[in-house]
Amino acid sequence: MMALRTIGPDVSGQSSVRAAAVAARRGRWGNLLWLLPVLALYAAGLVLPLGITVRRAFELGAAGWSDLLHNSLFTGAALNTVIDSTGITVVAVLLAYSLAAAIWRGGAIARASLTTLVVIAFLTTVLVKIVAFNALLRDNGVLNTLLQALGVIDGPLHLFPGRPAMIVAMVQYVVPFAIFPILSVMVRLDKRVEQAAESLGASPWHVFVHVVLPLTLPGVIAAALLVFVICTGFYVIPATLGTPRDQLLANVVALYALQLVDFRVASAVAMVLVVVVGVLTVLYQRAERATR
8 MMALRTIGPD
18 VSGQSSVRAA
28 AVAARRGRWG
38 NLLWLLPVLA
48 LYAAGLVLPL
58 GITVRRAFEL
68 GAAGWSDLLH
78 NSLFTGAALN
88 TVIDSTGITV
98 VAVLLAYSLA
108 AAIWRGGAIA
118 RASLTTLVVI
128 AFLTTVLVKI
138 VAFNALLRDN
148 GVLNTLLQAL
158 GVIDGPLHLF
168 PGRPAMIVAM
178 VQYVVPFAIF
188 PILSVMVRLD
198 KRVEQAAESL
208 GASPWHVFVH
218 VVLPLTLPGV
228 IAAALLVFVI
238 CTGFYVIPAT
248 LGTPRDQLLA
258 NVVALYALQL
268 VDFRVASAVA
278 MVLVVVVGVL
288 TVLYQRAERA
298 TR
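Per this note's numbering, residue 8 is the first one in the sequence shown, and the count goes up by one each step.
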């Protein structure tokens, strides 16, 4: 009787463990069932088109790839993409750093006001911004009218359509994206580190160069990579505010796919963009992890 009494609880305990394991497996399968619609959406919207793009890009063949790499339209757009994306990244990160520092250093009212303006700029759609820059930068627009009224210029500056209007609009679009990675690093800085440097006789400039900037550098790198990735995929702004000489790689993809109806070349150009963006995305994720 004693043996039976000691064995009974062990058997019931094992059965409860098995029941818990079965319930856990059912819960995992239930969670996977909830994920099926999302997985199906990603498969239909991302994996399948990407697979078709890769297949058509390889259908171009070695000779087709050689012709593409020597095509002045492709090389010119690639050069425009690299130059414009690099310049926009530098300007946007500098502006974003100053705005993030102003938000970080400002009082409660200044911080709330600046953050609200950044969020409004972030949420404003690109089409609204294009219409605004059209009215602002065209020959008879607000800027030229104001400069002529002040006597600064005699004739209108031709900014739209062209690269000046395109660059200004692209910088304005990406600055909010660069602010948040930098600001997320700044708000975690311990101000006692700056106070310690100042107590040792460091000037404000030396405190910034030797203390603040190195500590915020991971956020700067993350912001620069994010902005560069966004710039490489710009299509609407160059197509509406730029000229045919200012087109980027995304515009070349649209040209071959929509006008020339050559999907193999369009897929090849798209593959170049996918590879570049993929590499930059991996670097951005590593930089973002370094900011945590």
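We treat Cβ as the ideally placed atom computed from N, Cα and C, and that holds for glycine.
- Under the three-state reduction of DSSP output, Ala273 falls in the helix class.
- Residues of the same chain with a CB within less than 8 Å of the CB of Phe65, apart from the 5 flanking positions on each side, do not exist.
- Burial check for Thr123: the Cβ neighbour count within 10 Å stays below 16, so the residue is exposed.
- By the Cβ-count criterion, Asn258 is buried, with 16 or more other Cβ atoms from all chains shown falling within 10 Å of its own Cβ.
- The shortest CA-to-CA distance from Val178 to any of Phe140, Ile116, Asp269 is the one to Phe140.
- Sixteen is the threshold: since fewer than 16 other Cβ atoms of the shown chains lie within 10 Å of the Cβ of Pro221, the residue is exposed.
- Ser92 counts as buried, since no fewer than 16 other beta carbons sit within 10 angstroms of its beta carbon.
- With fewer than 16 other Cβ atoms from the protein chains shown falling within 10 Å of its own Cβ, Ile160 counts as exposed.
- Linking Trp212 to Glu201 through their CA atoms gives a straight-line distance of about 11 Å.
- Listed in chain order, the non-local C-beta contacts of Ala231 below 7 Å within the same chain comprise Thr96, Val100, local neighbours out to five positions each way being set aside.
- Annotated three-state conformation of His77 is coil, per DSSP.
- As the crow flies, the alpha-carbon of Thr152 is around 10 Å from that of Leu144.
- The alpha-carbon separation between Gln155 and Pro251 amounts to approximately 29 Å.
- For the pair Thr239 and Val284, the CB atoms are nearer than the 8 Å cut-off.
- Assignment of Thr223 by DSSP, reduced to helix, strand and coil, places it in the helix class.
- The DSSP-derived three-state label of Val194 is coil.
- The count of Cβ pairs closer than 8 Å, one atom from the region 114-130 and one from the region 182-196, reaches three, so the stretches are in contact.
- The beta carbon of Leu233 sits closer than 8 Å to those of Phe184, Ala185, Pro188, Tyr291, all from its chain and outside the five residues before and after it, given in chain order.
- For Pro56, the closest C-alpha among the options Leu287, Val286, Ser274 is that of Ser274.
- Ranking Val194, Leu190, Ile137, Gly83 by CA distance to the CA of Val175 puts Ile137 first.
- Judged by DSSP secondary structure, Phe140 falls within the alpha helix (DSSP H) whose first and last residues are 133-144.
- For Gln155, the enclosing alpha helix (DSSP H) starts and ends at 149-156.
- In this structure, the CA atom of Asp197 is about 40 Å from the CA atom of Val135.
- A distance of 8 Å or more separates the beta carbons of Ala84 and Gln266.
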